[in-house]
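In this note's numbering, the protein residues as written are 2 to 126. In what follows, a structure is listed as structure tokens, so that the remarks can point back to it.
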């Protein structure tokens, strides 16, 4: 039976092996924490659902909408200019960041007209 002798040097080499793993784990933790601070993270964290019970939403589903693309209609409803869709005020939520937001379905990489959720700025007080 042969015994392999371990020297302090080989122990030292073995102790260095986990470093790449530590770097990978650290990198993943950093990337995850960086993603947790997206501008629309509040939508994901609060578990919003649309009127049909669909989740609102994955970060790829939601976009901030420039004010120029939304018209407020008489009676308080909204029109999303790019699609012409009328969004009843009762189906909107107040936006905590003061912007319009629209979550929608994508099909083959293109926005469909099916809206999931819509947020509106609060009126000035």
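Glycine included, each C-beta is placed from N, C-alpha and C at the ideal position.
If residue i sits next to residue j, beta carbons under 8 Å apart, how far is it from one beta carbon to the other, in whole angstroms?
| i | j | result |
| --- | --- | --- |
| residue 70 | residue 83 | 6 Å |
When burial is assigned at 16 or more other CB atoms within 10 Å of the CB, is residue i buried or exposed?
| i | result |
| --- | --- |
| residue 103 | buried |
| residue 31 | In this prediction, residue 31 scores a pLDDT of 41, lower than 50, which makes its location untrustworthy; no coordinate-derived value is stated. |
| residue 98 | exposed |
| residue 68 | exposed |
| residue 117 | buried |
| residue 62 | buried |
| residue 121 | buried |
| residue 44 | buried |
Look up residue i in the DSSP assignment and say whether it is helix, strand or coil.
| i | result |
| --- | --- |
| residue 48 | coil |
Completely contained beta strand (DSSP E) runs for the segment 54-122, where each covers 3 or more residues: Given a length threshold of 3 residues, each whole run of the beta strand (DSSP E) inside the segment 54-122 is given here in chain order: 63-66, 71-73, 79-81, 86-88, 93-95, 101-108 and 111-121.
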